[in-house]
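One structure is given below, encoded as structure tokens.
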Amino acid sequence: MEADDKGNLDMILAKLTSSCESNLRVYQENAAMYDEGLVRSGFCLPQKLIKLGLHHLSATSKQEMDQLVALDLLSGTGIVGVALKEAGFTGAIDAIDGSSEMNSIAELKNVYRKITQLVIFSDTTLPFDDDTYDVIICSGGLSIGHFPFEGIRELFRILKPGGIAVFNSTHFISSDPQLLALNAVADKLKELRDEGKCKRIDEIKLDDAFSNRFRQHVTDYDILHCYSK
Ligand SMILES: C[S@@+](CC[C@H](N)C(=O)[O-])C[C@H]1O[C@@H](n2cnc3c(N)ncnc32)[C@H](O)[C@@H]1O
């Protein structure tokens, strides 16, 4: 790695492909510079997702909050866990991610009750019981070659009835089939809503997930999703 590359998030993002195995190698190899890259790029998705989730959470007293259990899905280096604590969440937080290097950095932040290392494929049953989590946050995980869109069904299986799930997806207006495939998140969510597996609570269009970074594609924007079941 050249000295100038340190903390260059665009360099990490440019290496991502539609292959989960290859992407995990990218995260393994670049884990040490991930946090600095995000800070430099003005990455604000975790904070925005948490604000949305906590706004819709029904716990009112601190005592109620203490009893809540959250899952940081594709937790990476633990940025979401830290931001959740900073936002005043006092319950337990579990984490799951497929990269041992990203998990090692997350571990050092001392915000998680438990970190599970698991690579999730479309047929993976998440290693948690039905109705386990009050809050599930997935920041930057619903992308091609990352958390499989079919896995959204699993996300709602492990969410408690009345719990809150927040996650982002990117919407593309493009002629590139690879990019258009990302819009399948919306189709999957509609399918699950129609089956009665989840309820849409809120949806926010976000143009500035990376405030200091030029977007790679001028015709894309992020959507913050807030769901319950
Ligand atoms: C863009 S990072 C997001 C990390 C964190 N949520 C954040 O907001 O900074 C994506 C993370 O997903 C993990 N990941 C990607 N695909 C995965 C998969 N199929 N199963 C498990 N983890 C995966 C990577 O190891 C990486 O830590």
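As numbered in full-length UniProt numbering, residues 1 to 229 make up the sequence shown, in order.
Glycine residues also receive a C-beta, built at the ideal position from the N, C-alpha and C atoms.
{"Item": "Burial state of residue 273, where buried means 16 or more other Cβ atoms lie within 10 Å", "Value": "Look at the range of the chain in this structure, 1 to 229, and you will see that residue 273 is not part of it."}
{"Item": "C20, DSSP secondary structure in three states", "Value": "helix"}
{"Item": "Meets three-Cβ-pair contact criterion under 8 Å: the region 43-63 and the region 100-109", "Value": "no"}
{"Item": "Residue(s) in a DSSP beta bridge with T170", "Value": "D222"}
{"Item": "L126 vs V185 beta-carbon contact at 8 Å", "Value": "no"}
{"Item": "Whole-number beta carbon distance between K160 and K197, since they are thought to touch under 8 Å", "Value": "About 13 Å separates the two Cβ atoms, so there is no contact after all."}
{"Item": "CB-CB length for L38 against V26, believed under 8 Å", "Value": "The pair is not a contact, with the Cβ atoms about 15 Å apart (cut-off 8 Å)."}
{"Item": "Minimum length 3: unbroken beta strand (DSSP E) runs contained in the region 23-104", "Value": "69-73, 92-97"}
{"Item": "Assigned exposure category for A14 - 16 Cβ within 10 Å defines buried", "Value": "exposed"}
{"Item": "Boundaries of the beta strand (DSSP E) in which I137 is found, first to last residue", "Value": "133-138"}
{"Item": "Straight-line Cα distance separating I164 from H56", "Value": "7 Å"}
{"Item": "Check: C20 C-beta below 7 Å from any heavy atom of ligand 1", "Value": "yes"}
{"Item": "H146 beta carbon less than 8 Å from that of L52", "Value": "no"}
{"Item": "Cβ-Cβ separation, S169 to I223 (assumed contact under 8 Å), whole Å", "Value": "5 Å"}
{"Item": "Helix, strand or coil at P177 according to DSSP, with G and I counted as helix", "Value": "helix"}
{"Item": "DSSP state of L13 mapped onto helix, strand, coil", "Value": "helix"}
{"Item": "Residues near L68 by beta carbon distance below 7 Å, same chain, minus five either side", "Value": "A59, G91, D134, V135"}
{"Item": "Environment of V80 [buried if 16+ CB atoms lie within 10 Å]", "Value": "buried"}
{"Item": "Nearest-angstrom beta carbon gap, I204 and Y227 [assumed within contact, 8 Å]", "Value": "At roughly 13 Å, the Cβ-Cβ gap does not stay under 8 Å, so Y227 and I204 are not in contact."}
{"Item": "Check: G98 C-beta below 7 Å from any heavy atom of ligand 3", "Value": "This structure lacks ligand 3; its bound ligands are ligand 1."}
{"Item": "Nearest neighbour of L118, chosen from E86, L189, M33, E21 [CA to CA]", "Value": "E21"}
{"Item": "CB of T77 within 8 Å of CB of Y112, strictly", "Value": "no"}
{"Item": "Any non-hydrogen atom of ligand 1 closer than 7 Å to N23 Cβ", "Value": "yes"}
{"Item": "Helix, strand or coil at G196 according to DSSP, with G and I counted as helix", "Value": "coil"}
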